[in-house]
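Under my numbering, the sequence shown has 228 at position 224, and the numbering climbs by one with no breaks.
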Amino acid sequence: MKLIADLEQRLRGLDAASLTRRRRTVATACAPRLEIDGRPLLAFCSNDYLGLAAHPAVVAALREGATLYGAGSGASHLISGHGRAHALLEERLAATQAASIPDARALTFSTGYMANLAILTALGGDADCAMFCESLNHASLIDGARLARAAVSVYPHADTAALAVQLAASTAGTKIVVTDSVFSMDGDLAPLAALLALCERHHAWLVVDDAHGFGTLGKHGHGALAQAGLHSPNLVYMGTLGKAAGVAGAFVAAHASVIEWLIQRARPYIYTTAAPPALAHALLASLDIIEGPEGASRRAHLDALIGRFRRDVKVAPWTLGLSATAIQPIIIGDNDAALRAGAGLYGRGLWVPAIRPPTVAAGTARLRVTLSAAHTDDDLAQLIGALNDLERCAP
Ligand SMILES: *Cc1c(COP(=O)(O)O)cnc(C)c1O
Numbered sequence: 005m006k007l008i009a010d011l012e013q014r015l016r017g018l019d020a021a022s023l024t025r026r027r028r029t030v031a032t033a034c035a036p037r038l039e040i041d042g043r044p045l046l047a048f049c050s051n052d053y054l055g056l057a058a059h060p061a062v063v064a065a066l067r068e069g070a071t072l073y074g075a076g077s078g079a080s081h082l083i084s085g086h087g088r089a090h091a092l093l094e095e096r097l098a099a100t101q102a103a104s105i106p107d108a109r110a111l112t113f114s115t116g117y118m119a120n121l122a123i124l125t126a127l128g129g130d131a132d133c134a135m136f137c138e139s140l141n142h143a144s145l146i147d148g149a150r151l152a153r154a155a156v157s158v159y160p161h162a163d164t165a166a167l168a169v170q171l172a173a174s175t176a177g178t179k180i181v182v183t184d185s186v187f188s189m190d191g192d193l194a195p196l197a198a199l200l201a202l203c204e205r206h207h208a209w210l211v212v213d214d215a216h217g218f219g220t221l222g223k224h225g226h227g228a229l230a231q232a233g234l235h236s237p238n239l240v241y242m243g244t245l246g247k248a249a250g251v252a253g254a255f256v257a258a259h260a261s262v263i264e265w266l267i268q269r270a271r272p273y274i275y276t277t278a279a280p281p282a283l284a285h286a287l288l289a290s291l292d293i294i295e296g297p298e299g300a301s302r303r304a305h306l307d308a309l310i311g312r313f314r315r316d317v318k319v320a321p322w323t324l325g326l327s328a329t330a331i332q333p334i335i336i337g338d339n340d341a342a343l344r345a346g347a348g349l350y351g352r353g354l355w356v357p358a359i360r361p362p363t364v365a366a367g368t369a370r371l372r373v374t375l376s377a378a379h380t381d382d383d384l385a386q387l388i389g390a391l392n393d394l395e396r397c398a399p
């Protein structure tokens, strides 16, 4: 019983610090209007930025994929799990980054978490490697850096001057700069053009995690590299397929030789069962929407919602983060105050998650509003009204 008692004491400690996390069980499909415990709610939580998670064409393709290919892949990609749908999807995904990366090829993964572990452990696998990580990087990049054998240094958020000093001081044989494109809890964008210029000068890889950009940013929704107009063989791109693309999984796009190296060496690619091919089939339908006129009009609607939210919401004495993306953080500070704000909205039928440490730095607990093309103008008006009415005390 000692082991259990120790854990229970630590759990009580989390509770005392307002750090306990609770799951709510959603009874309906991913959409702004959902149901929890029989109660209807209007949600501003999901990363389904284009409203494709329950899109009829994507759902129909998932069903068709199951009919064609069954439910499971049965094995890893290097044994017998690599199916025609995976191969077609890789070709389509490689094409999305072809304007940014010469001789681009793509490789799919079951999750973005695994894709990041794969990139960083395969490229940073020897001791003569140095990794330079942005301080607000996603947990999966932090874990990938820990798992790699490279020496890791962290540079301050968006501080390219500090990164330049670190790169210049490094004598490592292989240098890897690692960054989110859209920071997941802040919504701001990394200075990708400046980062790439530094990487080219220092012969470093630039690993870009575009989990929140693929589908929403750039022409045809091709993401942050396309939006920034970058082009380089130093780029290693990771896009996720469970956020704007509405399904599940992720991909890495890079020069063909990088992808071949991942296939040969990346343990999170090699030693895991391939995702169900039906998911890849559904993603082909999702890509059709993202790249076509419907995707463009969904992105335009989302951009209009973002603009209106920033114009009309009144958050003082809290702060609205400087974000032009669908992620709109309202920084409150205190954990308990953030929880109370979230509960106040919940009481009015609105679901906005309160984000606390360790997901964000201590003292920066926040409400994280995420907007989606599936929200209507009316949904947004409800959110703005409720936020503007919310009781608050100075941070
Ligand atoms: C969500 C996310 C991931 C992980 O992707 P999953 O497919 O959900 O595992 C990686 N990086 C960032 C920045 C993310 O927001």
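Using N, Cα and C, we set each Cβ at its ideal position, and we do this for glycine too. Small disclaimer: the values here were computed from a predicted structure and weren't measured.
Where residue i and residue j are concerned, what is the direct C-alpha to C-alpha distance, given to the nearest angstrom?
i, j, result
"G311", "T329", "9 Å"
"S327", "R37", "25 Å"
"W265", "A108", "13 Å"
"D381", "P357", "21 Å"
"P362", "L124", "22 Å"
"V256", "S157", "23 Å"
"E68", "G55", "20 Å"
"I83", "Y275", "10 Å"
"L9", "L18", "Sequence inspection shows Ala at residue 9; the Leu mentioned does not correspond to that position. When rounded, the distance between both Cα atoms is 14 Å."
"A131", "I146", "17 Å"
"D184", "D340", "28 Å"
"R344", "L199", "39 Å"
"Y2", "L66", "The requested residue 2 does not occur in the structure, where the chain is confined to residues 5 to 399."
"F113", "H379", "29 Å"
Is residue i near ligand 1, going by C-beta to nearest heavy atom under 7 Å?
i, result
"A149", "no"
"A215", "yes"
"A254", "yes"
"T115", "yes"
"H161", "no"
"S290", "no"
"S50", "no"
"T244", "yes"
"D184", "yes"
"S327", "no"
"S261", "no"
"N120", "yes"
"S80", "no"
"H226", "no"
"S376", "no"
"S139", "no"
"S144", "yes"
"S188", "yes"
Locate the beta strand (DSSP E) running through residue i, then write down its first and last residues.
i, result
"D213", "A208 to D213"
"V240", "L239 to T244"
"P333", "I331 to G337"
"S327", "Premise fails: S327 is in no beta strand (DSSP E) and is neither H nor E."
"D147", "Taken as a continuous stretch (DSSP letters only), D147 belongs to no beta strand (DSSP E), being part of the alpha helix (DSSP H) at A143 to L151."
Just to confirm the assignment, what range does the alpha helix (DSSP H) spanning residue i have?
i, result
"L82", "Where L82 is concerned, there is no enclosing alpha helix (DSSP H), given that its DSSP letter is neither H nor E."
"G389", "D381 to D393"
"R67", "P60 to Y73"
"R27", "No alpha helix (DSSP H) holds R27; DSSP gives it neither H nor E."
"V319", "Counting along the chain, V319 falls outside any alpha helix (DSSP H), and DSSP gives it neither H nor E."
"S157", "That residue, S157, is in no alpha helix (DSSP H); its beta strand (DSSP E) goes A155 to Y159."
"M118", "G116 to L127"
Which same chain residues end up closer than 8 Å to residue i when comparing Cβ atoms and leaving out the 5 residues on each side of it in sequence?
i, result
"L45", "R37, L38, E39, Y350, G353, L354 and W355"
"C133", "L127, A152, R153, A154, A155, A176, G177, T178, K179 and I180"
"V30", "L38, E39 and I40"
"A172", "H206"
"H259", "I105, P106, D107, A108, R109 and P237"
Within the same chain, show all residues whose beta-carbon is closer than 6 Å to that of residue i, passing over the 5 residues directly before and after it, in chain order.
i, result
"H224", "E295"
"Q101", "A108, Y241 and A257"
Assign residue i to one of two classes, buried (16 or more other C-beta atoms within 10 Å of its C-beta) or exposed (fewer than that).
i, result
"R205", "exposed"
"V169", "exposed"
"K6", "exposed"
"R16", "exposed"
"E95", "exposed"
"L309", "buried"
"E12", "exposed"
"Q268", "exposed"
"A289", "buried"
"K318", "exposed"
"P333", "buried"
"E138", "buried"
Within its chain, find whatever has a CB closer than 7 Å to the CB of residue i; leave out the 5 residues flanking it on each side and keep chain order.
i, result
"S77", "G85, G87, T277, A278, A279, P280 and P281"
"A58", "A33, C34 and A35"
"T374", "F48, C49, S50, N51, A330 and I331"
"C244", "A small correction: the amino acid at residue 244 is Thr; Cys does not occupy that position in the sequence shown. Hits under 7 Å: G116, A215, F218 and A254."
"D383", "P36 and L46"
"E395", "G348"
Measuring from the CB of residue i, is there a heavy atom of ligand 2 at a distance below 7 Å?
i, result
"G351", "Absence of ligand 2 from the depicted structure is noted, with ligand 1 being the only ligands included."
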